[in-house]
Amino acid sequence: MYDAAIIGAGVIGSAIARELSKYEMSICVVERDEDVCCGTSKANSAIIHAGFDAMPGTLKAKMNVLGNAMMDQLSKDLDFPFKRNGSLVVCTQEESLPKLEELLERGIKNGVPDVRIINAEEAKAMEPNLSDSVVAALYAPTGGIVCPFNMTIAMAENAAVNGVEFKLNTEVEDIKKADGGYILVTNKGDIQTKTVINAAGVYADKFHNMVSEDKIEIQARRGEYCLLDKTAGNHVSHTVFQLPSAMGKGVLVTPTVHGNLLIGPTAADVDNKEAINTTQDGLAYLQEKAGASIKNIPFRQVIT
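Taken in order, the sequence shown gives residues 15 to 318; the numbers are from this note's numbering.
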């Protein structure tokens, strides 16, 4: 009987496992893939957001700013690369300036340090390759970049050293309530636990619905990226966002901690949660949209 069983060994599951490993508890992490960081955690923008986008008063806003402030010490403790390179949200139309000011207000209410709006001249001094159409930008110096592989693996390794048991290639097929806790029915036998922690990413709804009468559904969204060669890694130094829309934060352009240039993502709602394929249309879309904020991107060096 474990004190806690965590479903999912992505960044959230591994972080929870590390935190709980500080206490005298018996803990296991159950992961269907062959290693940690094999799901969504391996394929994202690798951004440590400053916290200006989340709606004020929400738990997301609170945790975003708190988590951001923890990254310097966490990266030192666990020895993974992290860079506080700052972020810019660019505005390319005068009529969109109120939306930029709204982001500033959110950032101030959320407690984002030193967030401010800068004019086009200052923005282009920071980033010479900004599009000529940029009229202003929101600057958040606390924004950062990280390697999601290194961070997730570092937290999982630390948890494992502290006694957490990782059950890999183990898929949860059902959750049954039992005296004193739950039984996880897996492809490798039953696991008894007092507590179940659901960190299953896009499949979190599946496990939630096994035990709760209040059903939920997670809409999967596929995002495609272009990863450019390290010879293009200095094209920008900050993470450059476009003004957010209903489909997300738009196409960003950012350096990576390994010296590459990352562009993306697209945003397409999909029914198949395993639909992680890239498409020629998606890559063409990224080239078009990225050009709205950054000029002269050397796409000839795209790695597909």
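Ideal Cβ placement from N, Cα and C applies to all residues, glycine included. Since this is a predicted model, take the numbers as computed values, not measurements.
{"query": "How about V126 and G65: are their beta carbons less than 8 Å apart?", "result": "yes"}
{"query": "Give me the DSSP bridge partner(s) of S101.", "result": "A154, T253"}
{"query": "Give me the residue from H63, I167, Q87, V103 with the minimum Cα distance to A304.", "result": "V103"}
{"query": "Run through the DSSP bridge pairs and tell me what R236 is partnered with.", "result": "A282"}
{"query": "Would you kindly report the start and end of the unbroken alpha helix (DSSP H) that includes A19?", "result": "Taken as a continuous stretch (DSSP letters only), A19 belongs to no alpha helix (DSSP H), being part of the beta strand (DSSP E) at 18–21."}
{"query": "A120 lies in the alpha helix (DSSP H); which residues open and close that run?", "result": "Sequence inspection shows Arg at residue 120; the Ala mentioned does not correspond to that position. Looking at the DSSP string, the run of the alpha helix (DSSP H) that includes R120 is 111–124."}
{"query": "Between the alpha carbons of N82 and K287, how many angstroms are there, rounded?", "result": "29 Å"}
{"query": "For G203, which three-state DSSP category applies?", "result": "strand"}
{"query": "Considering only the alpha carbon of each residue, which of A174, S59, N164 lies closest to K36?", "result": "A174"}
{"query": "Does the separation of the CB atoms of G215 and G53 fall below 8 Å?", "result": "yes"}
{"query": "Alpha carbons only, please: which of G27, V129, S40, R130 is nearest the one belonging to V50?", "result": "G27"}
{"query": "Would N99 and T253 be called neighbours here (beta carbons separated by less than 8 Å)?", "result": "yes"}
{"query": "Does D188 come out as helix, strand or coil in the three-state DSSP assignment?", "result": "strand"}
{"query": "Could you check where the beta strand (DSSP E) with F180 kicks off and where it finishes?", "result": "179–181"}
{"query": "By DSSP's criteria, Y196 is part of a beta bridge. Which residues make up the other side?", "result": "K191, T207"}
{"query": "Label E45 either buried or exposed according to how many other C-beta atoms from any shown protein chain fall within 10 Å of its C-beta, with 16 as the threshold for buried.", "result": "buried"}
{"query": "Could you pull out every residue in the same chain whose Cβ sits closer than 6 Å to the Cβ of A23, ignoring the five residues on either side in sequence?", "result": "V43, E45, V50"}
{"query": "Can you tell me whether S226 is buried or exposed, with buried defined as 16 or more other CB within 10 angstroms of its CB?", "result": "exposed"}
{"query": "Count the other CB atoms, across all protein chains shown, that sit within 10 Å of the CB of Q107; report buried if there are 16 or more and exposed otherwise.", "result": "exposed"}
{"query": "Starting from I131, follow its DSSP beta bridges and name the residues at the other end.", "result": "L152"}
{"query": "How is V316 classed by DSSP in three states: helix, strand or coil?", "result": "Confidence is the limiting factor: at V316 the pLDDT is only 47, short of 50, which leaves the residue's position unreliable and the question unanswerable from this model."}
{"query": "Flag this pair as touching only if the region 84–100 and the region 155–162 have three or more C-beta atom pairs under 8 Å; answer yes or no.", "result": "yes"}
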